[in-house]
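Those protein sequences? They're chains A and B, same order as listed.
Everything in the first sequence is counted per the numbering used here, starting at 49 for the first residue and increasing by one.
Everything in the second sequence is counted per the numbering used here, starting at 362 for the first residue and increasing by one.
Positions of the beta carbon are idealized from the N, C-alpha and C atoms, including for glycine.
The model shown is predicted, which means the values in this text are computed figures rather than measured ones.
Working notes, beginning with the structure itself.
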Amino acid sequence: MLDPLSSNLERYMDLLSARQKLVASNIANADTPGYKTRDIDFQAEFRNAMDARQPHIAQVSGLKTKNDGNNVNIDRESRLLAENDIRFSIATSLLRSRLKTLRSAIQEGRT
Amino acid sequence: MSLFSALSVSASGMAAQRTRAELLTENLANAETTRTPEGGPYRRKDAVFVTTPSQSEFRSIFASHLDTKPQGVAVSEVVVDPRDPVMRYLPGHPDANPDGYVGFPRINPAEDMVDLMSTSRNYQANVSAISAVKDMIQKSLDILR
């Protein structure tokens, strides 16, 4: 968009939205028999977000499976929900300050 | 990549949990019902959920074919408990059989209360998901302010 940092922030936010969507569908399916928790490997996906824009969705291992074959852990999903929200808010503040700097330059330092 | 599809996923979760809560309260209310339109005592009902592709406005359906598919939830069927009713000896009851036994619904109020608690907790989780996503949408709007 503007410079490398801003485009990285943009990708970061894209990835966070993708993850938040997965968390929302995990929560919605907390009672669906046979449903398996889906997530993305955040750090790995962020590293290769440069070339491939499609994050790879994988099932999460190491979660306790209930009798109906469902392994959604509501507490894990709530944590991710809050975490994604905070990360997203950090990214938007950073992007906002980049834009503010740019605007200040356009206005030649006058406010 | 739109966040709006996450909103419709959570909304589908809320709708499904609400349906389940309705069935569970119906079970509790009818724990002693001996007459039903289908004949015989009331039978316990419960909802079975199934994942569905997000059903929302055109844009997000279109997008869901392109990128990460968010999956919503829907009630696939309402299962009726096939077990025999509990027979209680009440000879004076108008619904008693010739031997003096009355069939009562096989409902364990504790079981329904526990299911109701889990339903309401999941409903709350969906509500928090909606508010978190709404917050994220709001923050991305604020970037340009």
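(message) Under 8 Å, with one C-beta from each stretch per pair, do the region 462 to 476 of chain B and the region 390 to 406 of chain B reach the 3-pair mark?
(response) yes
(message) If we define contact as Cβ-Cβ less than 8 Å, is residue 126 of chain A a contact residue for chain B?
(response) Taking the first residue of the first sequence as position 1, residue 126 of chain A is located at position 78. Yes, residue 126 of chain A lies at the interface with chain B (some Cβ there is under 8 Å from its Cβ).
(request) Enumerate in chain order the residues of its own chain whose CB-to-CB distance from residue 135 of chain A is below 6 Å, with the five nearest sequence positions on each side excluded. (result) Reading the first sequence from its first residue, position 87 is the one you call residue 135 of chain A. The answer, listed in chain order, is 64.
(request) Specify, as a first and last residue, the run of the beta strand (DSSP E) that residue 359 of chain B falls within. (result) Because residue 359 of chain B is not part of the residues shown, which for chain B are 362 to 506, the question remains open.
(message) Taking the beta strand (DSSP E) that residue 561 of chain B belongs to, which residues open and close that run?
(response) What is shown of chain B runs 362 to 506, which leaves residue 561 of chain B out entirely.
(message) So for residue 52 of chain A, helix, strand or coil by DSSP?
(response) In the first sequence, the residue the question calls residue 52 of chain A occupies position 4. Three-state result, residue 52 of chain A: helix.
(request) Work out the CA separation of residue 115 of chain A and residue 454 of chain B for me, nearest whole Å. (result) In the second sequence, the residue the question calls residue 454 of chain B occupies position 93. In the first sequence, the residue the question calls residue 115 of chain A occupies position 67. When only Cα atoms are considered, residue 454 of chain B and residue 115 of chain A end up about 40 Å apart.
(message) At the level of alpha carbons, what is the spacing between residue 80 of chain A and residue 444 of chain B?
(response) For the purposes of this step, residue 80 of chain A is taken as residue 32 along the first sequence, with counting starting at 1. For the purposes of this step, residue 444 of chain B is taken as residue 83 along the second sequence, with counting starting at 1. Their Cα atoms are separated by approximately 23 Å.
(request) Alpha carbon to alpha carbon, how far is residue 128 of chain A from residue 109 of chain A? Give it in angstroms, no decimals. (result) Position 61 of the first sequence, counting from 1, holds the residue named residue 109 of chain A. Position 80 of the first sequence, counting from 1, holds the residue named residue 128 of chain A. The straight-line gap from Cα to Cα measures roughly 16 Å.
(message) Would residue 93 of chain A pass as an interface residue toward chain B - the criterion being a Cβ-Cβ separation below 8 Å?
(response) Indexing the first sequence from 1 puts residue 93 of chain A at position 45. Not closer than 8 Å to any Cβ of chain B, the Cβ of residue 93 of chain A fails to qualify, so no.
(message) Please classify residue 86 of chain A as buried or exposed, where buried requires at least 16 other C-beta atoms within 10 Å of its C-beta.
(response) To locate residue 86 of chain A, count along the first sequence from 1; it is residue 38. The residue is buried, with at least 16 neighbouring Cβ atoms inside 10 Å.
(request) Taking only runs that begin and end inside the region 87 to 154 of chain A, name each unbroken alpha helix (DSSP H) of 4 or more residues, in chain order. (result) 90 to 95 and 122 to 154
(message) For chain A, check one thing: does any of its Cβ atoms lie closer than 8 Å to the Cβ of residue 362 of chain B?
(response) Translated into positions along the second sequence, residue 362 of chain B becomes position 1. With a pLDDT of 48 at residue 362 of chain B, under the threshold of 50, the predicted position of this residue should be treated as unreliable, though the coordinate-derived value follows. Yes, because at least one Cβ of chain A sits closer than 8 Å to the Cβ of residue 362 of chain B.
(request) Kindly indicate if chain B contains any beta-carbon less than 8 Å away from that of residue 77 of chain A. (result) Start at 1 with the first residue of the first sequence, and residue 77 of chain A comes out as number 29. For residue 77 of chain A, the answer is yes, since a Cβ of chain B falls inside 8 Å of its Cβ.
(request) Quick one: give me the first and last residue of the beta strand (DSSP E) that residue 408 of chain B is part of. (result) In the second sequence, counting from the first residue as 1, residue 408 of chain B sits at position 47. That run of the beta strand (DSSP E) goes 406 to 414.
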